[in-house]
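Only one structure is covered here, and it is reproduced in the block below.
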Amino acid sequence: MVLEVALIDVLPGHEDEFAAAYAKGHPVLAGTPGCRSVRMTRGVESPSRFVLLVEWDSVEAHNDNFRATERFAQWRALIGPYFANPPLVEHFVDVPA
1 MVLEVALIDV LPGHEDEFAA AYAKGHPVLA GTPGCRSVRM TRGVESPSRF VLLVEWDSVE
61 AHNDNFRATE RFAQWRALIG PYFANPPLVE HFVDVPA
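Each step along the sequence shown adds one to the number in full-length UniProt numbering, with nothing skipped, and position 2 is 2.
Following this line, the structure appears as structure tokens:
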């Protein structure tokens, strides 16, 4: 399992519209084969900053089943207009305790 973390800065004043677009697009992302969970969080100190957390079976599941498909185009068309700049996206794996 890998965790995709996307740091998203939204245009100030458009946070509610972004959140509504996320709610509309959530099923597109969450229904992707290989997607285990999706969660969006919003900054307390920086309310225009959001963090998207997506658990994937693998980086390949993210890239091949989502990024390389029409699903990504649908997703980006919904939320992309509210980006202040391109999101910073990275993948992480758990560290054993």
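Ideal Cβ positions, reconstructed from N, Cα and C, are used throughout, including at glycine.
query, result
"Ser48 beta carbon less than 8 Å from that of Glu15", "yes"
"Terminal residues of the alpha helix (DSSP H) in which Asp16 lies", "Glu15 to Ala30"
"Top-ranked residue by Cα proximity to Ile8, from Ala68, Phe50, Glu60 and Val54", "Phe50"
"Reference Pro86, options Arg76, Asp94 and Val93, closest by Cα", "Arg76"
"Where the beta strand (DSSP E) containing Val59 begins and where it ends", "No beta strand (DSSP E) contains Val59, which is instead part of the alpha helix (DSSP H) from Val59 to His62."
"Unbroken alpha helix (DSSP H) run spanning Phe72, endpoints", "Glu70 to Ile79"
"For Val51, the first and last residue of its enclosing beta strand (DSSP E)", "Arg49 to Trp56"
"Sub-8 Å separation of Val38 and Val54 beta-carbons", "yes"
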